[in-house]
Amino acid sequence: MARAWTGLGGNDVVWLLFLGALASLGLTKPEHSPYEWLALLALGALQVTEGNLGWTEAPRKAAASVAVKLALCYVLVWATGGIESSYYLIFLLPIVSAASMFGFGGSLLTAAVSSGLYLSYLLFVLESYYVPPEGARELTVRVLFFFLSAILVNRLAAENRLKTRRLSQANQELSQAQADVRRAERLAALGQLSAGLAHEIRNPLGVISASSELLAKRVAGQDDVAREMADYIRSEVNRANALVTRFLDFARPSKLHRATGQLNDVVRRAVASLQESRPPDAPAVRLEAELGDLPRFFFDETLIESAVFNLLLNAREALEAGGSIRVSTSRQEDEALIVVSDDGPGIPADKLEDVFNPFFTTKPRGVGLGLAMVSKFVDSHGGKISVESEPGKGATFRVLLPIQQDE
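Dropping the structure here:
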C-alpha cells in the first residue's frame with residue numbers, strides 16, 4: 001500500500017546534493033552533453049519519488065523502477081564516453097536497489113543486465129578500438145564488482161528483513177502479552193467483586209428458600225395457589241443459587257490437578273457431553289472432529305474438558321438456525337493446539353476484544369461467564385486463547401497449551 005507523500009527527508013536531501021555535485025563537475029569539462037544533466041535529474045527524481053510513493057513495497061512497481069534506472073544509467077554512461085565513462089559506477093544504483101528489494105535471483109539478474117549493458121558499449125568501438133589485456137582485465141574486474149556488490153547488499157538486506165520480521169513478531173507478542181495482562185487484571189477485579197456479591201446474595205437467598213419451604217408445609221392441602229407460588233419461589237431461589245455458585249466458581253482461584261493425560265480423549269468426552277446435552281427442540285447441528293497425533297502430557301483434564309465443552313456450547317448456541325461445528329487438535333512444536341470453529345453469524349469486529357471478559361454476552365440468555373471461564377482455565381495452564389471472526393462467516397477459537405512431559 002503506497003504511503004502518502006511526506007516531502008523530502010534527510011536522505012533525499014543528501015542524495016540530491018551528491019547528484020548536484022556530479023552535475024556540477026560535468027560543467028568543468030570542455031564538452032558536456034545535455035543528456036548527462038537530463039539523466040542525472042531523472043535519476044534523482046526517481047530515487048526520491050519511489051520511496052515517497054511506496055513503489056518499493058509493490059513488486060511490479062519496484063521492478064519497473066529498477067528497469068527505468070537501468071535505462072537512465074545506460075543513457076548517462078553513453079552520453080559521457082561509453083566504455084571509458086567515469087560514470088560506470090552509476091550502474092550500482094539499480095543493482096543496489098534490486099538487491100535491497102528482491103531476492104538473490106533478482107539481484108544477480110540485475111547485476112547481469114547491468115554488466116551486459118555496460119559491456120555493450122564495446123560494440124560501438126570494437127572496429128576502431130583495441131582493448132589491451134590490461135583493459136580487458138579492468139573490465140572484468142568492474143563486472144565482477146557489480147556481482148559482488150549485488151551479493152553483499154542482498155545479504156545485508158536479507159538480514160535486515162529478517163530482523164524486521166522478528167521485531168514485528170516480538171511487537172505483536174508484546175501487544176498480546178499486554179492485552180493478556182489487562183484481561184487478567186480485569187478478571188481478578190471482577191472475580192473479587194463477584195465473590196463479594198455472591199456471598200452477600202447467598203445469605204438472603206437462604207432465608208427466602210427456608211421461608212418458602214415453611215410456607216409450602218403450612219399451606220399443603222389447604223391452598224393450592226399458595227402452594228404453587230411457594231414451589232415457584234423455591235424454583236427461582238434454586239436457579240439464583242446456581243447462578244451464585246457460578247459466580248463463586250469464577251471468582252475462586254483455579255487449583256490445577258495435573259496428571260499425565262491424552263488431550264484427544266478429553267476432547268472426545270467434551271464432544272460426547274455436548275451431544276448428550278442437546279435440547280430436544282434445538283436445531284440440527286453437524287459436529288465434526290479431526291484429532292491429530294498428540295503425545296500424552298501434564299494438564300488438568302477436568303478444567304480443559306470444561307474449557308472445550310464451553311467452547312463447543314458457545315458455538316452451538318451461536319447456530320440458532322443450525323449449521324456445523326468443527327473441532328480439531330494438532331501439535332505446534334512444543335504446544336498442543338485446539339481449534340473450535342463454527343459457520344454461524346460471527347462476532348462483530350468491535351466486540352472481539354470483549355468476548356473473554358466476564359459478564360459480556362451477545363445472547364439474550366446467559367450471564368457471559370462461559371468464555372471468561374475458558375480464558376481463566378487456559379491462562380492457569382500458561383496457555384493462550386484467541387478468536388478470529390468475520391460477520392456472516394462464523395468464528396474460530398484457538399487454544400494453545402504447553403506440552404509438559406513432567407512436573
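Counting from 1, one number per residue, gives the positions in the sequence shown under my numbering.
Think of the CB as a built atom: it goes at the ideal place given N, C-alpha and C, for glycine as much as any other residue.
Rounded C-alpha distance that separates residue i from residue j
{"i": "Arg258", "j": "Val340", "result": "23 angstroms"}
{"i": "Leu291", "j": "Arg166", "result": "31 angstroms"}
{"i": "Ala136", "j": "Lys61", "result": "36 angstroms"}
{"i": "Ile403", "j": "Ala336", "result": "6 angstroms"}
{"i": "Gly459", "j": "Arg286", "result": "This structure leaves residue 459 out entirely; the chain is present only between 1 and 407."}
{"i": "Leu122", "j": "Ile83", "result": "7 angstroms"}
{"i": "Phe91", "j": "Leu72", "result": "9 angstroms"}
{"i": "Ala2", "j": "Thr49", "result": "In this prediction, Ala2 has a pLDDT of 43, which is less than 50 and means its spatial position is unreliable; what the coordinates show is noted afterwards. About 11 angstroms."}
{"i": "Asn238", "j": "Ser175", "result": "43 angstroms"}
{"i": "Thr140", "j": "Leu17", "result": "31 angstroms"}
{"i": "Gln262", "j": "Ala270", "result": "13 angstroms"}
{"i": "Val66", "j": "Val14", "result": "21 angstroms"}
{"i": "Ser273", "j": "Phe309", "result": "7 angstroms"}
{"i": "Tyr120", "j": "Ser33", "result": "The sequence as given places Ser at residue 120; Tyr does not occur at that position. Taking the straight line joining both Cα atoms gives about 20 angstroms."}
{"i": "Leu46", "j": "Lys69", "result": "8 angstroms"}
{"i": "Val219", "j": "Glu213", "result": "10 angstroms"}
{"i": "Glu408", "j": "Ala179", "result": "Outside the shown range of the chain (1 to 407) lies residue 408, about which nothing can therefore be said."}
{"i": "Lys393", "j": "Val113", "result": "49 angstroms"}
{"i": "Ala240", "j": "Leu162", "result": "56 angstroms"}
{"i": "Lys384", "j": "Leu243", "result": "27 angstroms"}
{"i": "Leu19", "j": "Leu89", "result": "13 angstroms"}
{"i": "Gly368", "j": "Val374", "result": "11 angstroms"}
{"i": "Ala98", "j": "Ser115", "result": "14 angstroms"}
Per-residue DSSP class, three states only, for residue i
{"i": "Arg296", "result": "coil"}
{"i": "Gln47", "result": "helix"}
{"i": "Gly261", "result": "strand"}
{"i": "Ala289", "result": "strand"}
{"i": "Ser277", "result": "coil"}
{"i": "Leu174", "result": "helix"}
{"i": "Thr361", "result": "coil"}
{"i": "Ile338", "result": "strand"}
{"i": "Lys384", "result": "strand"}
{"i": "Ser85", "result": "coil"}
{"i": "Ser389", "result": "strand"}
{"i": "Val355", "result": "coil"}
{"i": "Ser235", "result": "helix"}
{"i": "Leu409", "result": "Residue 409 is absent from the model: the chain starts at 1 and stops at 407."}
{"i": "Gln405", "result": "coil"}
{"i": "Ile418", "result": "Given a span of 1 to 407 for the chain in the structure shown, any question on residue 418 remains unanswerable."}
{"i": "Val125", "result": "coil"}
{"i": "Ser33", "result": "coil"}
{"i": "Pro348", "result": "coil"}
{"i": "Pro283", "result": "coil"}
Selection from the options that minimises the alpha carbon distance to residue i
{"i": "Glu57", "options": "Leu294, Phe91, Phe102 and Gln222", "result": "Phe102"}
{"i": "Leu401", "options": "Gly346, Thr329, Ala158 and Glu353", "result": "Thr329"}
{"i": "Asp334", "options": "Arg326, Phe298 and Glu353", "result": "Phe298"}
{"i": "Ala284", "options": "Asp180, Pro391, Arg316 and Gln169", "result": "Arg316"}
{"i": "Lys255", "options": "Leu144, Val14 and Leu303", "result": "Leu303"}
{"i": "Gly346", "options": "Arg331, Lys384 and Ala318", "result": "Ala318"}
{"i": "Val181", "options": "Leu152, Gln222, Ser107 and Ser380", "result": "Ser380"}
{"i": "Val355", "options": "Val327, Ala321, Leu311 and Val143", "result": "Leu311"}
{"i": "Phe145", "options": "Leu108, Arg331, Arg296 and Ile385", "result": "Leu108"}
{"i": "Leu76", "options": "Leu40, Phe104 and Phe147", "result": "Leu40"}
{"i": "Pro436", "options": "Trp37, Ser86 and Val266", "result": "The first residue shown for the chain is 1 and the last is 407, placing residue 436 beyond what the model contains."}
{"i": "Gly216", "options": "Arg227, Gln222, Ile208 and Val207", "result": "Before going further, note that residue 216 is Ala rather than Gly in the sequence given. Of the candidates Arg227, Gln222, Ile208 and Val207, the one whose C-alpha sits nearest the C-alpha of Ala216 is Arg227."}
{"i": "Lys351", "options": "Glu390, Phe104 and Glu288", "result": "Glu390"}
Residue environment, residue i, which counts as buried when at least 16 other CB atoms sit within 10 Å
{"i": "Asp281", "result": "exposed"}
{"i": "Phe358", "result": "In the sequence on display, residue 358 carries Pro and not Phe. Per the 10 Å Cβ criterion, buried."}
{"i": "Val96", "result": "buried"}
{"i": "Ala4", "result": "Reliability of the predicted coordinates at Ala4 is poor, the pLDDT of 43 falling under 50, and the value obtained from them is presented with this limitation in mind. Ala4 comes out exposed."}
{"i": "Asn154", "result": "buried"}
{"i": "Glu382", "result": "In the sequence on display, residue 382 carries Gly and not Glu. Looking at its Cβ environment, which holds fewer than 16 other Cβ atoms inside 10 Å, Gly382 is exposed."}
{"i": "Thr245", "result": "exposed"}
{"i": "Asp224", "result": "exposed"}
{"i": "Thr164", "result": "exposed"}
{"i": "Phe397", "result": "buried"}
{"i": "Ser235", "result": "exposed"}
{"i": "Ala372", "result": "buried"}
{"i": "Glu138", "result": "exposed"}
{"i": "Glu134", "result": "exposed"}
{"i": "Pro94", "result": "buried"}
{"i": "Val125", "result": "exposed"}
Enclosing alpha helix (DSSP H) for residue i [first to last residue]
{"i": "Pro59", "result": "Pro59 to Ala79"}
{"i": "Lys255", "result": "Premise fails: Lys255 is in no alpha helix (DSSP H) and is neither H nor E."}
{"i": "Phe104", "result": "Phe104 to Leu119"}
{"i": "Leu303", "result": "Glu301 to Ala318"}
Where the beta strand (DSSP E) through residue i begins and ends
{"i": "Gly323", "result": "Gly323 to Gln332"}
{"i": "Pro132", "result": "It is not in any beta strand (DSSP E) - Pro132 carries neither H nor E in the DSSP assignment."}
{"i": "Ala99", "result": "Per DSSP, Ala99 belongs to no beta strand (DSSP E); it is in the alpha helix (DSSP H), Leu92 to Met101."}
{"i": "Ala395", "result": "Ala395 to Pro402"}
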